[in-house]
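In the working numbering, the protein residues as written are 7 to 348. Below is one structure, written out as structure tokens, with a few remarks after it.
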Ligand SMILES: [Zn+2]
């Protein structure tokens with residue numbers, strides 16, 4: 007039987023430090039979208055009424071049964087339109103579910119991680135994509151990986167200026183964009199900084215931080231700033247080196263290739279594309295959640311990346327990933343594997 011772990015009212019003292027018997031049971035209700043009755047409760051301290059649903063990520067959702075299939079579909083290469091067709095949803099409904107689940111996964115990705123074990127090795131690389139218009143709105147996408155486990159620590163996108171070969175049509179497109187939006191910003195460095203900082207949060211207890219990157223000239227300084235020069239061991243690889251399995255950066259290159267495959271919007275020569283950068287970032291949360299918690303580390307391996315690092319006990323099923331709400335931070339949110347029974 008479900009036991010509420012705390013009062014959901016964050017202003018109530020029973021939210022931060024719930025005492026035994028802080029609630030009374032108030033019967034059940036029968037939602038149309040569920041087979042089982044949902045238990046209701048009331049807090050003795052603040053009087054707030056709540057139910058088991060109040061703790062769920064699908065609180066107030068229509069068709070909560072479609073959340074897990076939608077996650078699997080969007081995290082394994084299909085676009086939103088095809089997912090909507092397959093599940094019998096409207097495109098708008100699929101878009102709204104995509105955003106809500108994306109925000110949930112963003113919190114979950116941050117809540118479930120812990121300090122990296124000694125001997126962890128980090129790899130950083132950037133891949134290039136675009137938003138809306140390929141020839142005038144390029145994006146860079148730094149991705150930070152723990153090498154042995156293949157745990158994706160962070161990935162996010164940032165606008166960069168168009169560069170490379172210019173055709174007359176491309177110059178026209180760039181000029182038109184500048185008239186509409188102003189000059190395009192180069193936020194590459196800021197995104198790399200934020201990504202490295204996500205790594206530094208997990209590496210705060212490591213005596214030695216090993217980082218592997220290509221030879222981009224800004225990386226050594228940014229890496230020293232993020233991890234501290236005295237414990238950083240930074241190795242670089244020339245990006246001209248053939249990208250085979252022998253390349254030291256193969257793990258991060260391979261993970262990038264996997265991201266391009268699993269996130270349809272990163273694929274080249276595809277009809278799928280990100281219209282807005284912020285939705286690409288939500289899509290990346292799907293990739294990180296799927297890659298770190300659901301998928302096996304390798305096809306030949308039973309464990310997930312997060313399991314290898316000791317962040318979770320076993321691989322998570324999509325429905326478990328989307329079970330309990332995560333917006334109360336790592337200490338107060340319920341764990342996806344928590345059955346909340348006592
Ligand atoms: Zn309360």
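The C-beta atom is built at its ideal place from N, Cα and C for all residues, glycine as well.
| task | Any chance you could list the residues with Cβ under 6 Å from a heavy atom of ligand 1, keeping chain order? | result | 13, 15, 18, 20, 49, 51, 52, 54
| Contacts around residue 164, its chain only, beta-carbon distance under 6 Å, and the 5 residues preceding and following it disregarded | The residue you call residue 164 lines up with position 158 of the chain shown. Cβ within range, chain order: 146, 193, 194, 197.
| field | Euclidean distance between Cα positions of residue 226 and residue 218 | value | As a working note, residue 226 is residue 220 in the chain shown. As a working note, residue 218 is residue 212 in the chain shown. C-alpha separation (whole angstroms): 10 Å.
| query | Considering residue 49, what are the terminal residues of the beta strand (DSSP E) in which it resides? | reply | Reading the chain shown from its first residue, position 43 is the one you call residue 49. That run of the beta strand (DSSP E) goes 44-49.
| request: Please say whether residue 269 and residue 81 have beta carbons closer to each other than 9 Å? | output: In the chain shown, the residue the question calls residue 81 occupies position 75. In the chain shown, the residue the question calls residue 269 occupies position 263. Against a cut-off of 9 Å, the Cβ pair of residue 269 and residue 81 comes out as a contact.
| task | Report yes if the C-beta distance between residue 312 and residue 77 is below 9 Å; otherwise report no. | result | Along the chain shown, one-based indexing puts residue 312 at 306. Along the chain shown, one-based indexing puts residue 77 at 71. Not a contact, by the Cβ cut-off of 9 Å.
| task | Have a look at 87, 37, 13 and flag the residue whose alpha-carbon is nearest the alpha-carbon of residue 51. | result | Position 45 of the chain shown holds residue 51. Comparing Cα positions, the closest option is 13.
| said: Spatial neighbours of residue 89 within its chain, please: C-beta separation below 7 Å, excluding the five flanking residues on both sides. | reply: Residue 89 sits at position 83 when you count from the first residue of the chain shown. Counting only Cβ-Cβ distances below 7 Å, and skipping sequence neighbours, we find 76, 79, 80, 100.
| said: Can you find the residues in the same chain that come closer than 7 Å, C-beta to C-beta, to residue 340, ignoring five residues on each side of it along the sequence? | reply: Numbered from 1 along the chain shown, position 334 holds the residue referred to as residue 340. Answer for residue 340: 11, 61, 330, 346, listed in chain order.
| What are the boundary residues of the beta strand (DSSP E) that includes residue 29? | Taking the chain shown and counting its residues from 1, the one referred to as residue 29 is at position 23. Residue 29 -> beta strand (DSSP E) spans 29-35.
| task | Measure how close the beta-carbons of residue 123 and residue 315 come, nearest whole angstrom, since I'm counting them as under 8 Å. | result | Position 117 of the chain shown, counted from the first residue, corresponds to residue 123. Position 309 of the chain shown, counted from the first residue, corresponds to residue 315. Going by Cβ atoms, the distance from residue 123 to residue 315 rounds to 6 Å, so yes, they are a contact pair.
| field | Beta-ladder partner(s) of residue 240, from DSSP | value | Your numbering for residue 240 matches position 234 in the chain shown. Answer is 217, bridged to residue 240.
| message | Please tell me whether residue 107 has its Cβ less than 9 Å away from any Cβ of chain D. | response | Within the model displayed, chain D is absent; a lone protein chain is all it includes.
| Alpha-carbon to alpha-carbon, residue 254 and residue 95 | For the purposes of this step, residue 95 is taken as the residue at position 89 of the chain shown. For the purposes of this step, residue 254 is taken as the residue at position 248 of the chain shown. Rounded to the nearest angstrom, the two C-alpha atoms are 44 Å apart.
| task | Enumerate in chain order the residues of its own chain whose CB-to-CB distance from residue 241 is below 6 Å, with the five nearest sequence positions on each side excluded. | result | Working through the chain shown from its first residue, we reach residue 241 at position 235. Answer for residue 241: 218, listed in chain order.
| Do residue 31 and residue 54 come within 9 Å of each other at the CB atom, strictly closer than that value? | In the chain shown, the residue the question calls residue 54 occupies position 48. In the chain shown, the residue the question calls residue 31 occupies position 25. Their beta carbons are not under 9 Å apart, which means residue 54 does not touch residue 31 by this criterion.
| query | Beta carbon of residue 181, beta carbon of residue 141: below 9 Å? | reply | For the purposes of this step, residue 181 is taken as the residue at position 175 of the chain shown. For the purposes of this step, residue 141 is taken as the residue at position 135 of the chain shown. No; because the gap between Cβ atoms is not below 9 Å, this pair is not in contact.
| Bridge-paired residues (DSSP) for residue 56 | Translated into the one-based positions of the chain shown, residue 56 becomes position 50. Looking at the DSSP assignment, residue 56 forms a beta bridge with 47.
| message | Considering Cα atoms alone, identify which of 135, 136, 232 is closest to residue 210. | response | Sequence index remark: in the chain shown, residue 210 carries index 204 (1-based). Nearest of 135, 136, 232 to residue 210, Cα basis: 232.
| In whole angstroms, what separates the C-alpha of residue 63 from that of residue 150? | One-based indexing of the chain shown puts residue 63 at position 57. One-based indexing of the chain shown puts residue 150 at position 144. So the two alpha carbons sit approximately 27 Å from each other.
| request: Give the DSSP bridge partners of residue 135, in chain order. | output: Within the chain shown, the letter at position 129 stands for residue 135. Beta-bridge pairing links residue 135 to 145.
| Nonlocal neighbours in the same chain, by C-beta distance under 8 Å from residue 350, ignoring five residues either side | Because the chain is modelled from 7 through 348, residue 350 falls outside the range shown and cannot be assessed.
| task | Pick out the complete beta strand (DSSP E) segments inside the segment 263-304, 3 residues or longer, and give them in chain order. | result | none
| query | How would you write the range of the beta strand (DSSP E) that residue 159 sits in, first residue to last? | reply | Walking along the chain shown from the start, residue 159 turns up at place 153. Per DSSP, residue 159 belongs to the beta strand (DSSP E) from 157-161.
| said: Give me the DSSP bridge partner(s) of residue 330. | reply: As a working note, residue 330 is residue 324 in the chain shown. Paired residues: 62.
| Which runs of the alpha helix (DSSP H), 4 residues or longer, sit entirely within the segment 168-205? | 174-187
| query | Any idea what DSSP makes of residue 317, helix, strand or coil? | reply | Counting from 1 along the chain shown, the entry for residue 317 is found at position 311. Here residue 317 sits in coil by DSSP.
| message | I need the boundaries of the alpha helix (DSSP H) containing residue 18, first residue and last residue. | response | As a working note, residue 18 is residue 12 in the chain shown. Element bounds for residue 18: n/a, residue is neither H nor E.
| message | So if DSSP puts residue 129 in a beta bridge, which residue, or which two residues, is it bridged to? | response | Start at 1 with the first residue of the chain shown, and residue 129 comes out as number 123. According to DSSP, residue 129 bridges with 151, 218.
| message | What does the alpha-carbon distance come out to for the pair residue 348 and residue 252? | response | Taking the chain shown and counting its residues from 1, the one referred to as residue 348 is at position 342. Taking the chain shown and counting its residues from 1, the one referred to as residue 252 is at position 246. Because residue 348 carries a pLDDT of 41, less than 50, the predicted location of this residue cannot be relied on, and the following value inherits that uncertainty. Between residue 348 and residue 252, the C-alpha separation is close to 51 Å.
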